[in-house]
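Engineer: In this note's numbering, the protein residues as written are 7 to 142.
For each residue, glycine too, the CB sits at the ideal point set by N, CA and C.
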Amino acid sequence: MLKLMASPEQRKFGLDKRDSLTAQCRSCEVRALCNGGCPKDRFALSRDGEAGQNYLCSGLELFFTQSRHAMETMVKLLHDGRPPSDVMAITAIEDKRRGPYAPCPCGSGRKFRFCHGNNAPRRSFDPASSKEQRAS
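This is the structure:
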């Protein structure tokens, strides 16, 4: 395996992968986490219209941006010898301290109360009313 990883072909593949990144990808804040993704997924256009953008880019960027705080918390927990799953309890405490009208930490721009702070379902399912609607 080491021989394969150190081969000239592998080095060329890595350099080609790096050198074919779009300008949008090269300037992205989360590039270190995805490295432009797999070359087979680079068939979309960038925001500037440059060919070769990973079609999963916007989803990966959103995921890595929104999960950054939780990931950093898990790293700190590991360094402290604690299980990373403790992040759930820490997040619950942070959510309780957060005011309902504070901005939601997900970055949506909505108030916490109307975004991730609303854990109740929008409306409960009532089988009787569902049958009435179908009959009309």
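1. Note down, in chain order, each residue of its chain lying with its Cβ closer than 6 Å to the Cβ of ALA50, except the 5 sequence neighbours on either side.
2. Counting Cβ pairs closer than 8 Å, one from the segment 97–107 and one from the segment 65–74, do we hit at least three?
3. Quick check on the burial criterion: 16 or more other C-beta atoms within 10 angstroms. Buried or exposed for CYS44?
4. Judging by CA-CA distance, which residue of LEU39, ARG37 and ALA29 is the nearest neighbour of ASP54?
5. Determine, for LEU39, whether the minimum Cβ-Cβ distance to residues of chain B falls below 8 Å.
6. Using only CA atoms, which one of ASP86, LEU39 and SER91 lies nearest to ARG74?
7. If you draw a straight line from the C-alpha of GLY123 to the C-alpha of SER52, how long is it?
8. When DSSP labels each residue in this structure, what does GLY5 get in the three-state scheme?
Structural biologist: According to the structure shown:
1. Counting from 1 along the sequence shown, the entry for residue 50 is found at position 44. Within the same chain, ALA50 has close Cβ partners GLN59 and TYR61.
2. Contact between the segment 97–107 and the segment 65–74 is absent, because fewer than three Cβ pairs lie under 8 Å.
3. The residue given as residue 44 occupies position 38 in the sequence shown. With fewer than 16 Cβ atoms within 10 Å of its Cβ, CYS44 is classed as exposed.
4. Numbered from 1 along the sequence shown, position 48 holds the residue referred to as residue 54. Closest option to ASP54, Cα to Cα, is ALA29.
5. Considering every chain present, this structure includes no chain B. It has just one protein chain.
6. For the purposes of this step, residue 74 is taken as residue 68 along the sequence shown, with counting starting at 1. Nearest option by C-alpha distance: LEU39.
7. Here residue 123 refers to the residue found at position 117 when the sequence shown is read from its first residue. Here residue 52 refers to the residue found at position 46 when the sequence shown is read from its first residue. For GLY123 and SER52, the distance between alpha carbons rounds to 34 Å.
8. No answer is possible for residue 5: it lies beyond the span of the chain, which begins at 7 and ends at 142.
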